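Chains as they are written, first to last, in my numbering: chain H, 1 to 219; chain X, 1001 to 1219.
First up is the structure itself, then whatever we jot down about it.
Number of protein chains: 2
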Amino acid sequence: MGRSTQSKSSSNKPRQVRDAEATKAQILDAATEEFAKHGLSGARTEAIASGSGVTKAMIYYYFESKEKLYQAVLHRLDFPINDMIRETNLDNLPPEEALKEVIQAAIAYRVQHPHLGMILFQEANQNQGKFYKQTNWQEGFEQVINILERGMAEGCFRSVDPFLTAIHIAAVCTFYFDAYENLKYAKPDLDLRSPEMIEQYTQQAINLILAGVRFNTQQ
Amino acid sequence: MGRSTQSKSSSNKPRQVRDAEATKAQILDAATEEFAKHGLSGARTEAIASGSGVTKAMIYYYFESKEKLYQAVLHRLDFPINDMIRETNLDNLPPEEALKEVIQAAIAYRVQHPHLGMILFQEANQNQGKFYKQTNWQEGFEQVINILERGMAEGCFRSVDPFLTAIHIAAVCTFYFDAYENLKYAKPDLDLRSPEMIEQYTQQAINLILAGVRFNTQQ
DNA sequence: GTCTATAATACGATAGAC
DNA sequence: GTCTATCGTATTATAGAC
C-alpha cells in the first residue's frame, strides 16, 4: 500500500520567506533523514517536502532530481569528520593516544549525525557503493590503518591485520547508533541516547579496542 | 523515476509446476534479498516476483500482503542461530572458549545469511523495531551477556559493562558483511567474501575481542 | 496453483501563476 | 523563490480465466 506520506510534524512556519540558503538546508536536513530511513529508491520526495516544510516543487527547483539531492546529502556528510580527525594532528601522538582520539572523534561525530551510518549502509546495499566511491570516507579509514601500523612498528600494539582491525574499530563506533531502535528493547529502562550512556559507551569502546590491540607483556 | 524493475536473472525454469512449498520458499528467498536492500516500504513486489520466477499474484495468494510477507521473512531468519548457539552448550565451556564459539557461530551464520544484518537495520530505522520486537533475537544477546558475567565472576575477564560489550561484539560480527559493498573499494584487489578472507576476519575478530576482555596479569 | 489483465492509487517530475 | 495543479508512469492489490 505504500507508507503514509502526510506525516511528520510538518513545521507550520509561515513559508513564502524567500531565503534560498535556509530552504536548501531544510530540504537537505529532511532528505538526510528520509534517505537514511529508506535509501535512494525508497525515499519519497513528498516526505522530504513535508519534512522540511516546503513543497515538492522546491526540491526540484534547488536540486533538479531525487538523485542529485541524494548526492548532495552524501556530499554534505562527507568532509567534516576528516577535518575533525586531521585537526587533532594524530601523527604527533603516541599510537594509543591517537587511537583513543580517533574513536572519540568518530563517536562524537556520530552523535551529531545520527543518520550517517544508515545512509552509508543503504548506499552499500542499494547502490553497491556507486555514489560512496565519490566520497572521501576512505580517508578516515586510512588514518586508522596508519595508527595501527605505527603502533605495531613501535612495539606498543600486538601483531594485527591493520585493515581488518580498522573495520572492527569502525564497527564498534557505528553499530550502537545504527541498531539503536532494535537495541532499546533489550534495556527498556535505559535511555541509550542520554549523554551518560553515550559517555559510558565511548569509554567501553575505547577500553575494549585498546585492550584488544595492546601488546601486553606487563601489567 | 523509480528503480528499474524487470532485472535479475529471473530463473527461466518452466513454472506452472504446482509445488506449493517450493514456490513459497522461492518467494521468501527473493523477498529476503529485496527487503534487505530496500526495507518494507521500499521493496517492490514486482522485484520479488521476478526474483523468484513467479508472478506477483502468487505473492498475494500465499502471503496475503507485502507486510505479511515481510513478517514471514523476519520469522524465517529468527530461530536457527539461537539453536546453533544452544547446541554448543556454552555453559560447560570456560568463558573464553564459550565467547570464541559464539563469535564463530555468529559469523558463520552471517556467511550463510548475508541479508540478515541489513534486514535488521532496515527494521530498526524504518519501522522502529516494531516487527523486531516479535522476534527472538534478544536471546542470543542474553547468551553473550551471560558469558561475560560468568567470565568476570570467574576472574578471567576484566571488569566490563556486559551489555555494552555484547553490543560491541555484535558490531564486530555483523559490520563486515553489512558494509561489504562500501568496504570493497578500500581494497579492490581483495575478495572480502572469499573463504580465506572470512577465515582471517573471524580470527582477527576473536583475537581482538578476547584480548579486549581478558584479564591480563601475566603473559 | 498459476497466470493475465486491470482497477485504484502513489509517486517523480513539470508547467505556469504569483 | 514559492506555490498549486497536473501529467505520465510505477506500484499495490484484486478479479477471473485456465
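Glycine included, every Cβ here is placed at the ideal spot set by N, Cα and C.
Bear in mind that the values here come from a model prediction, so they are computed numbers and not experimental data.
Only those residues of the segment 1037-1054 of chain X whose C-beta falls short of 9 Å from the nearest C-beta of chain H are listed: Lys1037, His1038, Gly1039, Leu1040, Ser1041, Gly1042, Ala1043, Arg1044.
Neighbourhood of H:Gln126 in chain X, by CB distance below 7 Å: Lys1037, His1038, in chain order.
For X:Arg1076, the secondary structure class from DSSP, reduced to helix, strand or coil, is helix. In terms of beta-carbon proximity, X:His1113 stays away from the interface with chain H, with every pair separated by 8 Å or more. Per DSSP, H:Asp19 is not a residue of any alpha helix (DSSP H), being assigned neither H nor E.
The segment 1160-1172 of chain X makes no contact with the segment 106-115 of chain H; the number of CB pairs closer than 8 Å stays below 3.
Between X:Gln1126 and X:Leu1040, the gap from beta carbon to beta carbon is short of 8 Å. Secondary structure note for X:Ser1065: it is in no alpha helix (DSSP H), with a DSSP letter that is neither H nor E. Contacts between X:Val1102 and chain H, judged by CB atoms closer than 8 Å, are missing: the closest CB pair is about 16 Å apart. The segment 156-164 of chain H makes no contact with the segment 175-185 of chain H, as fewer than three CB pairs between them are under 8 Å. With its beta carbon less than 8 Å from one in chain X, H:Asn182 belongs to the interface. In this structure, DSSP gives X:Arg1214 an extended state, which the three-state scheme calls strand. As a beta-bridge residue in DSSP terms, H:Phe157 pairs with H:Arg214.
Note that the segment 58-76 of chain H touches the segment 21-30 of chain H; at least 3 beta-carbon pairs, one per stretch, sit closer than 8 Å. According to the DSSP assignment, X:Asp1178 belongs to the alpha helix (DSSP H) that extends over 1162-1178. X:Ala1047 counts as buried, since no fewer than 16 other beta carbons sit within 10 angstroms of its beta carbon.
Straight-line measurement puts the Cα of H:Lys100 at about 6 Å from the Cα of H:Ile206. Contact annotation for X:His1075 against chain H: no contact, minimum CB-CB distance about 16 Å [criterion: below 9 Å].
Look at the segment 20-32 of chain H: it has no residue with a C-beta under 7 Å from a C-beta of chain X. Taken through DSSP and simplified to helix, strand or coil, H:Thr55 comes out as coil. Interface with chain H (8 Å Cβ-Cβ cutoff): X:Gly1140 is excluded. Between H:Phe35 and H:Ile119, the CB-CB gap stays under 8 Å. DSSP places H:Pro94 outside both helix and strand once states are collapsed to three, so it counts as coil. With respect to X:Leu1148, X:Val1213 sits close: the two C-beta atoms are nearer than 8 Å.
For H:Val160, the C-beta contacts it makes with chain X under 8 Å involve Gln1204, Asn1207, Leu1208, in order along the chain.
About 19 Å separates the beta carbons of X:Thr1032 and X:Ile1107, which is beyond the 8 Å limit, so they are not a contact pair. Its chain contains Leu1028 as the residues whose beta carbon lies nearer than 7 Å to that of X:Arg1076, once the 5 sequence neighbours on both sides are disregarded; these appear in chain order. About 6 Å separates the beta carbons of H:Phe141 and X:Ala1186, which is inside the 8 Å limit, making them a contact pair. With distances taken between CA atoms, X:Leu1208 lies nearest to H:Val172 out of H:Asp91, H:Gly117, H:Asp189, H:Val172. The beta carbon of X:Gln1143 does not come within 8 Å of any beta carbon belonging to chain H, so the residue lies off that interface. Interface residue (Cβ-Cβ distance to chain H less than 8 Å): X:Tyr1201 is classified as such. Within the same chain, Cβ atoms closer than 8 Å to the Cβ of X:Leu1074 are found at Ile1119, Glu1123, Phe1131, Tyr1132, Gln1134, Thr1135, the five residues on either side in sequence being excluded. Residues of the segment 1164-1179 of chain X that bring their beta carbon within less than 8 Å of a beta carbon in chain H comprise Leu1164, Thr1165, Ile1167, His1168, Ala1170, Ala1171, Val1172, Thr1174, Phe1175, Tyr1176, Asp1178, Ala1179, in sequence order. Contact note: X:Leu1069 does not reach chain H at a C-beta cutoff of 9 Å; the least C-beta distance is about 13 Å.
Collapsing the DSSP output to three states places X:Leu1190 in coil.
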